[in-house]
Amino acid sequence: MNGFLSPAEIGEVWVGNGVKKASLSIGKMLILGIFAGIFIGFGAHGFLLATGIGKGALSEAMLAKFIGASVFPAGLMMVILCGAELFTGNNLMTLALMDKKITIKGMLTNWVVVYIGNLIGSILLAFVLAKSGLYADAVLDKAVAVAQAKAGMPFSTALIRGILCNMLVVLACWMQAGSKDMIGKIFAIWFPIMLFVFAGFEHSVANMTYIPLGIFLGADVSWGQMFINNLLPVTLGNIIGGAIIVPYAYYYAYIRKNN
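Going by my numbering, the sequence shown runs without a break in its numbering and finishes at 310.
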């Protein structure tokens, strides 16, 4: 017996996942959304610790970036394997919508509640990390620089990076559903998530930790700049990449009954 599912079988799994997610109570969506925000924030924290140390030659900086990108996937691993609700991953719910298994109201309710939960969890973690004493010297400088760079990014740049990011995130979610064992799911998650971080793409939920953490540590960034300059274009980009491009292509290729 194969230890993995075919793409068509994975598509059916995600249609079923969409139905389950749409039927969650508001309370469960919110709590699990908060946990997902915290989990992704843990990955962001690991990235900052790793890259904040790499302030030398280019080769050292690139090595630090790779190490940071390598620890970040732990966030999505916890979201999926421990059970939580992540807005960017839930963009795959459009598969169930296209298959007429859920309503647009059910999908949007999940997205909005989970997004709010992700934001709450991320900001709570950012506040605790800022008060933990773990951010000093080079790591503090890195956290502040990351927040300021993200808040100062042009709208089109943030949008494009958001599209590319969530194409990889939902592909990680898609691939892990095809594995029947824990280690297979871990590897399926690790490679695409490591790649999007190393490539410099933009993830809305990760930025819910990066930017507030920088603000709490003294970055010259306002909350308005965070929402308008970064979260707005990155979230739109994440939706385009993760809820439209990948799901619509795979629905047409593997799920739609009449070709």
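Ideal Cβ placement from N, Cα and C applies to all residues, glycine included.
With residue i and residue j assumed to form a contact (beta carbons below 8 Å), what rounded beta-carbon distance in angstroms separates them?
i	j	result
H254	V220	7 Å
I77	L137	The pair is not a contact, with the Cβ atoms about 17 Å apart (cut-off 8 Å).
L215	G292	6 Å
Using a 10 Å radius around the Cβ and a threshold of 16 neighbouring Cβ atoms, would you call residue i buried or exposed?
i	result
L185	exposed
K182	exposed
S173	buried
M129	buried
N53	exposed
When DSSP labels each residue in this structure, what does residue i get in the three-state scheme?
i	result
F252	coil
F55	strand
S173	helix
S230	strand
V190	helix
R307	coil
L219	helix
I290	helix
M40	The structure shown has nothing for residue 40, since the chain only spans 52 to 310.
At the level of alpha carbons, what is the spacing between residue i and residue j?
i	j	result
L114	F249	10 Å
L266	K231	This sequence places Ile at residue 266; Leu is not what is there. C-alpha separation (whole angstroms): 41 Å.
L109	G97	Low confidence applies here, because L109 scores a pLDDT of 47, under 50, leaving its location unreliable; read the following figure in that light. Computed Cα separation, rounded: 20 Å.
W65	N217	16 Å
L170	Y302	30 Å
E322	A198	Outside the modelled stretch of the chain, which goes from 52 to 310, sits residue 322, for which no answer is possible.
Y305	Y299	10 Å
message: Whether or not the stretch 152-164 and the stretch 72-84 are in contact is what I'm after, with contact meaning three or more pairs of Cβ atoms, one per stretch, closer than 8 Å; do they touch?
response: In short, these stretches touch, since the Cβ pair count reaches three.
Stretch-stretch touch, CB-based, cutoff 8 Å, three pairs: the stretch 205-214 with the stretch 115-128: Because the criterion of three Cβ pairs below 8 Å is not met, the stretch 205-214 and the stretch 115-128 do not touch.
Discussion item. For the stretch 122-131 against the stretch 264-283, do three or more pairs of beta-carbon atoms, one drawn from each stretch, fall closer than 8 Å, so that the two count as touching?
Written reply: Put simply, the stretch 122-131 does not touch the stretch 264-283. Fewer than three CB pairs are less than 8 Å apart.
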